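Q: Provided herewith is a single structure, encoded as C-alpha cells, for subsequent inquiry.
Protein chains in written order, with the numbering used here: chain Y, 1 to 404; chain X, 1001 to 1404.
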C-alpha cells in the first residue's frame, strides 16, 4: 500500500485522537453500510453550520441543542432515511441514538452530535436506530475512517475525503474531512453532510469563525441541482490531541495557517461533491474575474453552475457561450456586457461581448474532456470567485424519477 | 369548421383592426416559418415588459427606443436567431428590420416594435433579415393570425393563443394574445415572447399598468427551467378599433373588466407555456394557500415548480411530498412546518408536517395523469398564489445537449 492510499484509508482518523466506524445496520434496504460513528478520545471544541431550510430534520434540532456548550465527544451519522418531516417521533429517535452513543463510549448525551441523510417523510424505526447506534459505537477504531466515509454515502459513487496539515511551533497539526453529496445540492447553504476534524486546539468561537469562512468559499460555491436540503450539516471538531499550542484568536500566524488548512479541506470536499453529482459526466470549474465585488463574482459564478441550459450544454460537449453570458446577465452582478470575455480552458470564444474567431476543432476536443474550466472576465473591477458544478444528464433524471 | 377552431385560427386578429402574417424566410435552417408581422390598421397605444437580464438582445434595445412615445403600428417577431450578443451589427439589423416594416406599411420606424428569439451570439445576416421584413409585411391579412403564431415558435410543439372579451357600453371588446415558450423560462421575468392586442381604446399608462399586473400573476408564476433569457418580451397594443369608449383611468368598472380580460389571456398563455416545456410530459399547477402574504405564497409556489427534484418526481409519477415540503422550506416563506398540509389532487398525503394515511393506489392512479395539481396549506395566514410548471425528462436534456 503506497502512502497516498494509506492516507486515504485513514479518513478522518488521520487527525490524532479520532476513532471511527461504519457498519451496515439495516436502514438502507440495499444492505450497504448506513451508520457511521466518529469519536474523539478527549472532549473536542465543536462548531457547525446547518441548512437554512425552514423545514429542518430532527437530527438538526437535536444537534443544535447539544451544541449549546460547544463541546463534543462523538458524532453519529446515518444514511438511508433523512428523519425529516417525522415530527416528535423523529426527534425522540435522534435523541435516543445520541443517548446510546453516549452510553457506549461513556460521555454525556449532550456531547454527541447527529446528522442523517436519505428519504424525507418516512418514520425511522426507533429500536432499529438505537441498536444501530450501539452496534457501531462499539466498533470505533483508528482504522475505521474509510468505513465511516462509506457509511454516510447515499447515491454518491465514491467516498469523499480531504486532508491538510501544517506546522505549529514544530508540531504537525492535521485537518481532515469527509462528506457526502450527490443531489439536493445548492449553494444556498452547505447542502450536504460533512464532518471536519482536527487535532488542533482551538477556541470554539475561533473554530466557528474558521468554519464559516471556509464554507463561504467551498460548499456555498458548489451546486448540483439548486435544491437546498432539510438535513444539510457541517460539523467541525478540534480535540487538541496534536499537543500544539491553542489557537485562541484570529489574526495570528497560526490561525492563518489553520484557516487555510480548513479552507483547502472544505474546497476539496466541495469539488468532490460537484464532481460526483448524480448522473454527472463532467466537472465544471467556473471562475469569474474582473467583478466589482466579491459578492458579484460569487453570484455570477454560481449562476452559471446552476443553469440547466449550461449544464445540458456540458453534457452535449457543446461550448455554447451564449448561455454562459445570459446567466451572467441574469445573475444580478453589475457589468457591461460589451466588455465581457469568455474562455473555455485557454480558448477565447467571446470577446467584447460577441463571438470571436477561435479554433473550433480545438474547442470541440477540449469539451470532450471530463474537467471543463470556464472563465468569464467581467472587466468591471478587481474581484474574482470560483464555483463548481457538473452537467445534467439522463442519469440525474433517472435517479430522481425512481420511486424509493 | 366549428366556431372554436375559427376563433383559434384567427389568433391575434380576433381583435378588430389587426392584421398578421407568418412566413418562412430562411432564418431557421429547417425551413419552417420564422418571421411574423402584426399590423394595427390604426396607430395603437403600446405597453411592454422586458427581461431583467443585464445582457439584453438587440431587438430589446431598439424596441425600448421606439416605445418612448408609447405608440405603435406594427410588431415584427423573428425566430431562429436571438440577435443577442451581436453588438452594434445586431442593433443595426434590428433597426433596419423596423425601417423595412415601416416602409412597407407606411408608418414611422418609431412605430414598429421588434422581438427575436433563438440562438445567442450568432450574427444575423442583414440582407436576409431586411428581405424577410419586406416579404412578410407585404402579406399581412385578417386571416394570418395562426401563421404568425406558428412563425414565432422555436422548440414549442404547438402555437399558443388565448382570447377574452367583455362588453363595454354595449360594445364587445376583445383581448387576444399569442406567445412562444418552451425553454429558458423562469419567473424572474416574462421569460418568453408574447404579443397581446386589444381593440379597446386605453390610455398608455393605464395599458402598462394592466399589463404589469397581469404579468405578476401569469408569466412571473410560470417556470420551465429557471433560466432568464436575454430576449424576454411582452408587447401589448390597444388600437381602439372596437369603438368602445376610451379607458382613461384605473378604478372604473370598465378598467376592472379590461384588466381581468388581460389577466385571463396572460394566465392562459403562461399555462400553455408551462404545459409545453421542452420535453415535458406533465403539467403542474402548484397552489399555496394559508400564506402570511401574497409574496410568501408566490415565492413558495414558484420554488416548488422550479425544483429539479420535484420535476423529476413528476416525470416518475411519484408523489414524493417530502421534496415539496423541502422546497417550501427553502423558499424563504414564513410558516411552521408542523402545521403544513399537502395534497396531490384531492389526496391528502401530508398533515401536520408529517406523512398521513392515504389510498396509495388512488394516488398512483392520479400521478399517471398529465395534469397534476399540488396544493400546500401553510396554515399561517389568508393569502394564496398559484404557479405553473412541468416535469423534467430526458427530452429536455436531449433538446439542450444538441449542438445547433
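For glycine and all other residues, C-beta sits at the position ideal for the given N, C-alpha and C.
Being a predicted model, the structure only gives us computed values, none of them experimental.
With 16 other CB atoms within 10 Å as the buried threshold, where does residue 393/Y fall?
A: The residue is buried, with at least 16 neighbouring Cβ atoms inside 10 Å.
Q: Around the Cβ of residue 88/Y, are there at least 16 other Cβ atoms within 10 angstroms (buried) or fewer (exposed)?
A: Answer is exposed; the Cβ neighbour count stays below 16.
Q: Buried or exposed: residue 1063/X, going by 16 or more other Cβ atoms within 10 Å of its Cβ?
A: Under this definition residue 1063/X is a buried residue.
Q: Does the pairing of the segment 344-355 of chain Y with the segment 253-260 of chain Y give three or more beta-carbon distances under 8 Å?
A: They do not touch, by the three-pair rule.
Q: Tell me where the beta strand (DSSP E) around residue 160/Y begins and ends.
A: First-last of the beta strand (DSSP E) with residue 160/Y: 160-168.
Q: Kindly provide the ranges of any alpha helix (DSSP H) runs that are 4 or more residues long and lie completely inside the segment 83-158 of chain Y, ordered along the chain.
A: With a minimum length of 4 residues, the continuous alpha helix (DSSP H) runs that stay inside the segment 83-158 of chain Y are 87-105, 126-137, 145-151.
Q: For residue 169/Y, is the classification buried or exposed, using 16 other Cβ atoms within 10 angstroms of its Cβ as the cut-off for buried?
A: Residue 169/Y comes out exposed.
Q: Whether or not the segment 155-172 of chain Y and the segment 212-220 of chain Y are in contact is what I'm after, with contact meaning three or more pairs of Cβ atoms, one per stretch, closer than 8 Å; do they touch?
A: No, the segment 212-220 of chain Y does not touch the segment 155-172 of chain Y.
Q: Does the distance from the C-beta atom of residue 378/Y to that of residue 300/Y stay below 8 Å?
A: In contact: residue 378/Y and residue 300/Y (Cβ atoms closer than 8 Å).
Q: Would you identify the three-state DSSP class for residue 1305/X, choosing helix, strand or coil?
A: Here residue 1305/X sits in helix by DSSP.
Q: Buried or exposed for residue 1065/X, going by 16 or more other Cβ atoms inside 10 Å?
A: By the neighbour-count rule (16 or more Cβ atoms within 10 Å), residue 1065/X is not buried but exposed.
Q: Leaving out the 5 sequence neighbours to the left and right, which residues in its chain are closer than 7 Å to residue 320/Y when beta-carbon positions are compared?
A: Same-chain partners within the cutoff: 313.
Q: When the Cα of residue 1096/X is compared with those of 1106/X, 1369/X, 1112/X, 1082/X, which residue comes out closest?
A: When each option's Cα is compared against that of residue 1096/X, the closest is 1112/X.
Q: Using a Cβ-Cβ distance under 8 Å, would residue 190/Y count as near chain X?
A: Residue confidence is low: residue 190/Y scores 34 on pLDDT, short of 50, so the model does not pin down where it sits. No coordinate-derived value is stated.
Q: Return the Cβ separation of residue 1242/X and residue 1199/X in integer angstroms, given the expectation that the two are a contact with Cβ distance under 8 Å.
A: That pair is a contact at about 4 Å.
Q: Buried or exposed: where does residue 17/Y fall if 16 or more other Cβ atoms within 10 Å of its Cβ makes it buried?
A: Residue 17/Y is buried by the Cβ-count criterion.
Q: Verify the CB distance criterion: does residue 329/Y have a CB-CB separation below 8 Å to chain X?
A: Residue 329/Y counts as touching chain X.
Q: Taking 7 Å as the cut-off, is the C-beta of residue 269/Y nearer than that to any heavy atom in the ligand NAP?
A: Although the ligand NAP was asked about, the structure shown includes no ligands whatsoever.
Q: Please report the straight-line C-alpha distance between residue 279/Y and residue 32/Y, rounded to a whole angstrom.
A: Computed Cα separation, rounded: 20 Å.
Q: Is it buried or exposed for residue 150/Y, if we count other Cβ within 10 angstroms and need 16 for buried?
A: Buried, by the Cβ-count rule.
Q: My assumption, with CB atoms under 8 Å, is that residue 1078/X sits in contact with residue 1127/X. Please give the rounded CB distance.
A: That belief does not hold up - the Cβ atoms of residue 1078/X and residue 1127/X are roughly 14 Å apart, past 8 Å.
Q: Using 8 Å as the threshold, is the segment 33-43 of chain Y in touch with the segment 139-157 of chain Y, meaning 3 or more CB pairs across them?
A: Touching, yes.
Q: Taking CB distances under 8 Å as the criterion, tell me whether residue 1388/X reaches chain Y.
A: For residue 1388/X, the answer is no, since every Cβ of chain Y falls outside 8 Å of its Cβ.
Q: Report the rounded CA-to-CA distance for residue 192/Y versus residue 1098/X, giving the unit in angstroms.
A: Rounded to whole angstroms, residue 192/Y to residue 1098/X spans 52 Å at the Cα level.
Q: Can you list, in chain order, the residues of the segment 16-42 of chain Y whose Cβ is nearer than 7 Å to any Cβ on chain X?
A: Listed by position, the residues of the segment 16-42 of chain Y near chain X (Cβ gap below 7 Å) amount to none.
Q: Counting only Cβ pairs nearer than 8 Å, list the residues of chain Y close to residue 1053/X.
A: Chain Y residues near residue 1053/X: 326, 329, 330.
Q: Is the Cβ of residue 335/Y closer than 8 Å to any Cβ of chain X?
A: Yes, because at least one Cβ of chain X sits closer than 8 Å to the Cβ of residue 335/Y.
Q: Please specify which runs of the beta strand (DSSP E), each continuous and at least 3 residues long, are wholly inside the segment 1251-1303 of chain X, giving them in chain order.
A: Those beta strand (DSSP E) runs which fall completely within the segment 1251-1303 of chain X and span 3+ residues are 1283-1291.
Q: Taking all protein chains shown into account, decide if residue 1251/X is buried (16 or more other Cβ within 10 angstroms of its Cβ) or exposed.
A: So residue 1251/X ends up on the exposed side.
Q: Looking at the structure shown, is residue 383/Y part of a helix, part of a strand, or coil, going by DSSP?
A: If DSSP states are grouped into helix, strand and coil, residue 383/Y belongs with the strands.
Q: Which residues mark the beginning and the end of the alpha helix (DSSP H) in which residue 1327/X is found?
A: From DSSP, the alpha helix (DSSP H) with residue 1327/X extends over 1321-1330.
Q: First and last residue of the beta strand (DSSP E) that includes residue 247/Y?
A: Premise fails: residue 247/Y is in no beta strand (DSSP E) and is neither H nor E.
Q: Around the Cβ of residue 68/Y, are there at least 16 other Cβ atoms within 10 angstroms (buried) or fewer (exposed)?
A: That one is exposed.
Q: Buried or exposed: residue 238/Y, going by 16 or more other Cβ atoms within 10 Å of its Cβ?
A: With 16 or more Cβ atoms within 10 Å of its Cβ, residue 238/Y is classed as buried.
Q: What does the alpha-carbon distance come out to for the pair residue 180/Y and residue 338/Y?
A: Each residue's Cα considered, the two are about 41 Å apart.
Q: Identify every run of the beta strand (DSSP E) within the segment 1025-1057 of chain X, keeping only runs that are complete inside it and at least 3 residues long; order them along the chain.
A: As far as the segment 1025-1057 of chain X is concerned, its whole beta strand (DSSP E) runs of at least 3 residues are 1035-1050.
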